[in-house]
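Everything on this sheet refers to the single structure shown next.
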Amino acid sequence: MLVRAGLNIHSKEIHMEKGHNFVQEGRKANLLKEDISLPAAVIFSDLLERNLAWMQTFCDKRNVRFAPHAKTTMSPYIFTRQREMGAWGLTLATPIQIYNAYQTGAKNLLMANQLVGQANMRIISQLLSDEDVQFCCVVDSIDNVKQLADFFSAADQQIDVLIELGTEGGRCGCRSDEQVQQLVTEISKHHAVRLKGIEFYEGVIKGENPVNEVSRFIERAVDTTLLLLHQSAFDTDEVFLTGAGSAWYDVVADIISHAILPDNIFPVLRPGCYITHDEGIYQQAQDKVIERDDIAGSVPGQLLNCLEVWAYICSVPEPGKIIVNIGKRDIAFDAGYPKPIRHYRNQVGQKTEMFKWQVTGIMDQHLMIDIPTNSNVLPGDIVAFSQSHPCLTMDKWRQIHLVDYSFNLLDTIKTKF
Numbered sequence: 001m002l003v004r005a006g007l008n009i010h011s012k013e014i015h016m017e018k019g020h021n022f023v024q025e026g027r028k029a030n031l032l033k034e035d036i037s038l039p040a041a042v043i044f045s046d047l048l049e050r051n052l053a054w055m056q057t058f059c060d061k062r063n064v065r066f067a068p069h070a071k072t073t074m075s076p077y078i079f080t081r082q083r084e085m086g087a088w089g090l091t092l093a094t095p096i097q098i099y100n101a102y103q104t105g106a107k108n109l110l111m112a113n114q115l116v117g118q119a120n121m122r123i124i125s126q127l128l129s130d131e132d133v134q135f136c137c138v139v140d141s142i143d144n145v146k147q148l149a150d151f152f153s154a155a156d157q158q159i160d161v162l163i164e165l166g167t168e169g170g171r172c173g174c175r176s177d178e179q180v181q182q183l184v185t186e187i188s189k190h191h192a193v194r195l196k197g198i199e200f201y202e203g204v205i206k207g208e209n210p211v212n213e214v215s216r217f218i219e220r221a222v223d224t225t226l227l228l229l230h231q232s233a234f235d236t237d238e239v240f241l242t243g244a245g246s247a248w249y250d251v252v253a254d255i256i257s258h259a260i261l262p263d264n265i266f267p268v269l270r271p272g273c274y275i276t277h278d279e280g281i282y283q284q285a286q287d288k289v290i291e292r293d294d295i296a297g298s299v300p301g302q303l304l305n306c307l308e309v310w311a312y313i314c315s316v317p318e319p320g321k322i323i324v325n326i327g328k329r330d331i332a333f334d335a336g337y338p339k340p341i342r343h344y345r346n347q348v349g350q351k352t353e354m355f356k357w358q359v360t361g362i363m364d365q366h367l368m369i370d371i372p373t374n375s376n377v378l379p380g381d382i383v384a385f386s387q388s389h390p391c392l393t394m395d396k397w398r399q400i401h402l403v404d405y406s407f408n409l410l411d412t413i414k415t416k417f
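First residue of the sequence shown: 1, per UniProt numbering; consecutive thereafter.
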């Protein structure tokens, strides 16, 4: 899998991506030796494996199925590692994402979204021709149920659906019990659509201390599932009850674990950002998880940020200010600015007080940083950055390098965004 493109940039056979590796056979490329063009995105391989093990262990301790939201990385390599580590399946957001996950060998596929549009339905129809595939999407409207029924009836197929619950002012999902019952009635009219369970996403609930509201929402999902089971509304032997983003997965697991559920109801958790973690919003969320949940606190180790973006200082235009050659096209900025964490020159780490560096602005290809006026910085110095919200860093890269703690390139993984 290693990318060894050589040095002949005039060759028409070479396709260069950001973070291009110029090293040919014979030795490992190294970030500090400037073997790789910067900016480049890197993942520390050892930390990635630890994060994989941590969340799988949590799910095993909670006795729930794990279908991580794979939209975070859209990396076939990581999809495979998640399943090898024990994930029951994968969660995706779009039919194209589902297709790319299927291409890696994944058979248990949840689309935590509505399936709409003829072309999108054709993609799923092709996957359903594989009898080993277990696919579910969500529904929250009678119109969508009718659309699915028309398409898959004509294709002589059945599609499994989950009724999505939502909150007022939130995202998708049924707002009321009446809407749920109307959907149950409509689904029962169509042989091509089978009701398999209940889906929810609690991450849309905001506030200073939303834990009580989040808990009530999860309890509503449990109660709805049990009610529909009592009504014999589900069309499949296995019934799914699925939720949990990366902030409240402990609360979801705790409430479901304390509910008295029949053996044919299978809880499925779906956090995704754990895989690379961050030093921003998800570290803050994880700190609260550990405070709240004894099971999470008992899992060996901890989730750690393993995704960084490396770049050059490209300009020192005035005392106290540097410009770095990364921007909105390279790293997430929606949940806080990138955080400079290490500084290198001539392959040597500099004794720089990074906490005094303040990012003040970001543009397409530039990051502006205020620094102490007496700082020892030069154009060409390398700066490593952590980030907040890994989904919106990963999606900016077609290749990401796996590295060790000495910054040697171990492998290069591809993404399918």
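By construction, the Cβ of each residue, glycine as well, lies at the ideal position given by its N, Cα and C atoms. Since we're looking at a predicted model, the values are computed, not measured.
Span separating the alpha-carbon of residue i from that of residue j
i: P319; j: T373; result: 5 Å
i: A285; j: C306; result: 17 Å
i: S153; j: Q114; result: 18 Å
i: D364; j: D278; result: 22 Å
i: E238; j: I322; result: 58 Å
i: Y344; j: T393; result: 22 Å
i: G19; j: A311; result: 10 Å
i: A5; j: L378; result: Note that A5 has pLDDT 45, beneath the 50 cutoff, so the model's placement of it is unreliable and the number below is only indicative. Roughly 29 Å separates the two Cα atoms.
i: T225; j: R175; result: 15 Å
i: I382; j: D130; result: 49 Å
i: E34; j: R171; result: 45 Å
i: K396; j: K414; result: 12 Å
i: F79; j: V184; result: 33 Å
i: F333; j: T236; result: 43 Å
i: F385; j: W357; result: 12 Å
i: L410; j: F234; result: 48 Å
i: S75; j: D293; result: 30 Å
i: S215; j: A221; result: 10 Å
i: A253; j: V161; result: 22 Å
i: T360; j: S37; result: 25 Å
i: H258; j: N63; result: 12 Å
i: L127; j: T72; result: 22 Å
i: N51; j: H190; result: 43 Å
i: L303; j: A87; result: 17 Å
Environment of residue i [buried if 16+ CB atoms lie within 10 Å]
i: D263; result: exposed
i: H401; result: buried
i: P317; result: exposed
i: H389; result: buried
i: D140; result: buried
i: Y405; result: exposed
i: Q387; result: buried
i: R83; result: buried
i: H15; result: exposed
i: I313; result: buried
Element boundaries [beta strand (DSSP E), containing residue i]
i: A40; result: 40 to 44
i: S386; result: 382 to 386
i: I265; result: 265 to 269
i: C136; result: 134 to 139
i: K396; result: Neither: K396 is in no beta strand (DSSP E) and is coded neither H nor E.
i: N113; result: 108 to 114
i: V193; result: 193 to 200
Range covered by the alpha helix (DSSP H) that runs through residue i
i: S125; result: 118 to 128
i: N212; result: 211 to 230
i: V23; result: Segment: none, V23 is in no alpha helix (DSSP H) and carries neither H nor E.
Cross-strand partners of residue i (DSSP beta bridge)
i: P340; result: F385
i: D404; result: Note: D404 sits in no beta bridge, so no partner.
i: V324; result: I313, L367
i: V359; result: I369
Minimum Cβ-Cβ distance from residue i to chain D less than 9 Å
i: S141; result: The displayed structure is made up of one protein chain only, and chain D is not part of it.
Is the stretch 219 to 237 in contact with the stretch 294 to 310, if contact means three or more CB pairs nearer than 8 Å? no
For the stretch 234 to 249 against the stretch 198 to 206, do three or more pairs of beta-carbon atoms, one drawn from each stretch, fall closer than 8 Å, so that the two count as touching? yes
Do three or more CB pairs link the stretch 24 to 32 to the stretch 257 to 273 at distances below 8 Å? no
Below 8 Å, can you find three or more Cβ-Cβ pairs linking the stretch 43 to 62 to the stretch 323 to 337? No, the stretch 43 to 62 is not in contact with the stretch 323 to 337.
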